[in-house]
Each structure stands twice: as structure tokens, then as C-alpha cells.
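Structure first, commentary second.
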Amino acid sequence: MDIKAQLRAQHIETPSWAYGNSGTRFKVFAQRGVPRDPYEKIADAAQVHLFTGVAPTVALHIPWDRVDDYADLARHARELGVGIGAINSNVFQDDDYMLGSVTNPDARVRRKAIQHLLDCVDIMDATGSDTLKLWFSDGINYPGQDDIRARQDRLAEALTEVYARLGPSQRFLLEYKFFEPAFYATDVPDWGTAYAHCLRLGPQAQVVVDTGHHAPGTNIEFIVAFLLREGKLGGFDFNSRFYADDDLMVGAADPFQLFRIMYEVIRGGGYTSGIAFMLDQCHNIEPKIPGQIRSVMNVQEATAKALLVDRAALANAQTAGDVLAANAVLMDAYNTDVRPLLADLRQEMSLAPDPMAAYAASGYPEKIVTERVGGAQAGWGA
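First residue of the sequence shown: 1, per UniProt numbering; consecutive thereafter.
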């Protein structure tokens with residue numbers, strides 16, 4: 001197995017919103033030089049690809065990345081050496097959505113939300129994107145507030161209409177989140193709910209696993225293995241969590257978990273089957289572009305370690321019931337320092353062996369601080 005060849009083919013998508021000012025509900029700390037529009041967000045994403053070589057697409061968020069001409073935005077991306085990735089919809093920030101979007105008891109609000117999702121498919125057509133990402137904040141905060149089953153019916157109706165609008169080479173990924181902002185009952189709270197809806201719709205509907213959207217102690221790699229086995233794992237939103245949906249840099253909280261997830265992806269054939277490896281992070285205190293570069297490097301390291309697992313030795317130990325030997329095979333791979341391997345790989349790709357240092361020395365950080373004076377900075381929700 002040529003590990004370097006497999007690593008060279010890796011594709012990690014970065015999110016446009018990570019390059020603007022973002023943070024928690026309590027405070028957003030503005031930074032100098034952050035983008036003022038979607039064109040500048042894509043320019044920053046192109047820097048991540050320039051120094052890592054494995055981040056060739058950037059996800060958009062609508063309406064945060066709304067422009068008059070999406071085909072022109074896609075052209076701009078191509079000129080910078082990247083492409084448009086997933087289109088992320090937003091049906092959670094309008095005042096009309098206080099009681100939900102596609103599951104709202106008001107038919108007018110449901111129609112408005114569904115139309116936004118259909119508009120996002122139009123944007124996919126214009127940009128060449130093949131993936132629509134759906135996340136709904138819909139749910140209820142109090143017992144009796146609404147009919148739980150009726151909300152599932154409304155959700156199914158909305159998803160059916162959006163699914164029918166997809167082109168033959170397009171898909172949507174349904175995301176789940178077990179709480180927040182709906183604290184009593186969330187309409188898509190777990191992978192099982194997302195899976196059930198996608199299963200009814202067909203092969204162009206799949207589940208996306210956000211690594212921060214789980215209760216403490218959840219075995220995410222089991223979810224990954226199950227969805228892969230069923231052909232319903234469409235992608236990841238990679239980030240880290242300590243308590244809830246913390247949206248920290250992937251691998252920051254539990255790099256061993258990231259390794260375990262990547263092992264199941266590789267073991268299940270997902271590494272080469274079109275699964276989208278996307279970052280979903282809201283950097284609040286760290287610089288934007290270096291934060292994305294570090295996250296990409298963390299995913300690379302976890303992937304390299306997962307590729308190093310001696311699967312024949314592991315299978316033999318498992319078959320023999322040798323618990324310690326089986327665990328040792330995994331731990332040997334995880335404890336391997338893969339940084340020299342990745343440094344060699346980057347040099348073979350005509351890249352600097354240390355992307356963080358290369359970016360810091362490139363002059364780009366100083367350039368954007370100087371050039372991006374004036375105007376409204378992009379931020380969470382804008």
C-alpha cells in the first residue's frame with residue numbers, strides 16, 4: 001500500500017465562514033485583515049490550499065456568502081486554484097423561524113424556508129457544486145409546544161421536495177444536532193433520525209456527521225462504521241468539542257478520537273468513495289488562516305496514522321480473540337510520529353515541509369491587514 005499516494009489524493013474542504021469574524025454567542029473578537037466579502041474569503045481559502053496542497057474546495061454559506069453572480073464567484077475561485085464545494089443553507093437566522101423553519105406550524109413560514117433550500121440548489125447549478133448541506137435548528141423548548149409527530153411529517157415533506165429538485169449528479173447531506181437551540185425536542189437530534197429520513201428518500205440523500213454534535217461519551221466511530229456499512233455516510237463536519245458544540249480546531253480536544261474515526265472510514269472503504277471531509281469551525285481567538293491550516297494538518301496526521309494500521313495483523317488478533325494484541329496494533333499506529341512522512345510528502349508535492357511556518361513567512365498576513373482597511377468585515381451571520 002502506497003501511503004503517500006493515498007495521502008496525496010486527500011481532499012479536505014474548508015468553510016468560508018471560518019475566515020470571517022466568528023465566535024460564541026457571548027462575544028466575537030474582531031481581527032485585522034479578515035475578509036470583507038465572499039471573494040476575499042475564497043482568496044484566504046486558496047492560501048490554505050497553497051500551503052497544504054489538500055484543501056482544493058471551499059464551502060459557501062447562504063445568505064452569508066450571497067453575491068449577484070455566483071458563476072463569477074466560481075470563476076474567481078478557479079483563478080485562485082480552488083473550487084466551490086458544498087452549499088450550506090441557512091434557515092435559522094430569520095425572525096420568521098422562531099418556531100422553526102421547515103417544521104414550523106405556519107405554512108407560510110415553511111414555504112419560505114423550502115424556497116430558500118430550492119434557491120440553494122440553483123446556486124449549486126451556477127457554481128458547479130454537487131453537495132447541499134442541510135442543518136435545521138427546528139425543535140421545541142417546552143412539552144406541548146407543538147406536535148412532535150406532525151413536525152416529523154412536515155420535515156419529511158420538505159426534504160422530499162428538495163430531493164426532487166436535485167440534479168442527477170447532486171446530493172444533499174442531512175446534519176443532526178442533539179440539542180441547541182431546541183432544548184426539549186430537536187427535530188433532527190441524532191444520526192438515527194437523519195438516517196431514517198435519508199433512507200426513505202434514496203441514494204442522493206446521505207447523513208453528515210458533525211464531530212461536535214454528540215453527547216459526551218458518544219462512540220462516533222461506531223456511527224461512522226454503521227453509516228458506511230449502509231452506504232449512507234455522506235461526509236463530515238470536522239471540529240473538536242470539550243462540552244457541547246464548541247467548534248474548535250479538529251483534533252484539538254481528542255486526537256485519538258479523530259484517529260479512530262479515520263480508521264473506520266478507511267476500513268469501511270469511505271476514504272475513496274466520495275465522502276466529503278469538511279471543516280466546520282468558528283475560530284474566535286486564533287488567527288483565521290493559520291487555524292484552518294493547523295486543522296488540515298491535524299486531519300492529515302490522523303489519516304496517515306490510520307493508514308499505517310496493520311490490518312492483517314489486526315484481523316488475525318481479532319480472530320484469535322487476543323484482546324491485547326489487537327489493541328496494540330491500533331496503538332502502535334497511533335503512536336507513530338507521522339510528521340516526517342508528511343514533511344517528505346509535501347516536499348515531493350513541491351510544498352514547504354512546514355505549512356504553518358511557510359504561511360507565516362509568506363507576507364500574506366501582513367498584506368491583507370494593509371489592504372483590507374475599511375468596509376464591513378465578514379462575520380458570523382453576515
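All C-beta atoms in this analysis are idealised placements derived from N, C-alpha and C, irrespective of residue type, glycine included.
Predicted model only: the values in this text are computed from it and were never measured.
{"query": "From Thr186, Leu173, Arg200 and Leu201, residue whose alpha carbon lies closest to that of His214", "result": "Thr186"}
{"query": "Residue interval of the alpha helix (DSSP H) (run including Met331)", "result": "Val323 to Tyr334"}
{"query": "Short Cβ contact (8 Å threshold) for Pro63 with Asn90", "result": "yes"}
{"query": "Pair within 8 Å by beta-carbon distance, Lys278 and Asp245", "result": "Inspection of the sequence shows that residue 278 is occupied by Met rather than by Lys. No. Outside cutoff."}
{"query": "Residue from Tyr243, His49 and Tyr97 whose Cα sits closest to the Cα of Ile84", "result": "His49"}
{"query": "Close Cβ partners of Cys120 (< 7 Å) along its chain, the five nearest in sequence each way excluded", "result": "Ile62, Ile87, Ser89 and Leu132"}
{"query": "Residue range of the alpha helix (DSSP H) that includes His49", "result": "Pro38 to Thr52"}
{"query": "Buried or exposed by the 16-neighbour rule on C-beta atoms within 10 Å, applied to Asp69", "result": "exposed"}
{"query": "Short Cβ contact (8 Å threshold) for Leu159 with His197", "result": "yes"}
{"query": "Uninterrupted alpha helix (DSSP H) stretches inside the stretch 157 to 243 (no shorter than 4 residues)", "result": "191 to 201 and 220 to 229"}
{"query": "As assigned by DSSP and simplified to three states, the class of Pro365", "result": "helix"}
{"query": "Ile42 beta carbon less than 8 Å from that of His76", "result": "yes"}
{"query": "Contacts around Arg8, its chain only, beta-carbon distance under 7 Å, and the 5 residues preceding and following it disregarded", "result": "Leu345 and Met349"}
{"query": "Thr131: first and last residue of the uninterrupted beta strand (DSSP E) it sits in", "result": "Thr131 to Leu134"}
{"query": "Length of the line joining the Cα atoms of Pro143 and Tyr184", "result": "7 Å"}
{"query": "Alpha carbon of Gln377 to alpha carbon of Asn239, nearest angstrom", "result": "24 Å"}
{"query": "Residue(s) in a DSSP beta bridge with residue 413", "result": "The structure shown has nothing for residue 413, since the chain only spans 1 to 382."}
{"query": "Among Lys367, Ala194, Ala320 and Asp130, nearest to Ile275 - alpha-carbon criterion", "result": "Asp130"}
{"query": "Simplified DSSP state of Met349, which is helix, strand or coil", "result": "coil"}
{"query": "6 Å Cβ shell around Ala313 - same chain, five flanking residues per side excluded", "result": "Val329"}
{"query": "Delimiting residues of the beta strand (DSSP E) encompassing Ile12", "result": "Ile12 to Pro15"}
{"query": "Alpha-carbon spacing of Ser22 relative to Asn316, whole angstroms", "result": "48 Å"}
{"query": "Residue span of the alpha helix (DSSP H) that contains Ala18, given as start and end", "result": "Unbroken run through Ala18: none, as it is neither H nor E."}
{"query": "Beta-bridge partners of Ile261, as assigned by DSSP", "result": "Ile261 is not bridged to any residue."}
{"query": "Cβ neighbour criterion (16 or more within 10 Å) applied to Gln347", "result": "exposed"}
{"query": "Candidates Val296, Ala156, Arg311 and Leu173, of which the one nearest Thr52 by Cα", "result": "Val296"}
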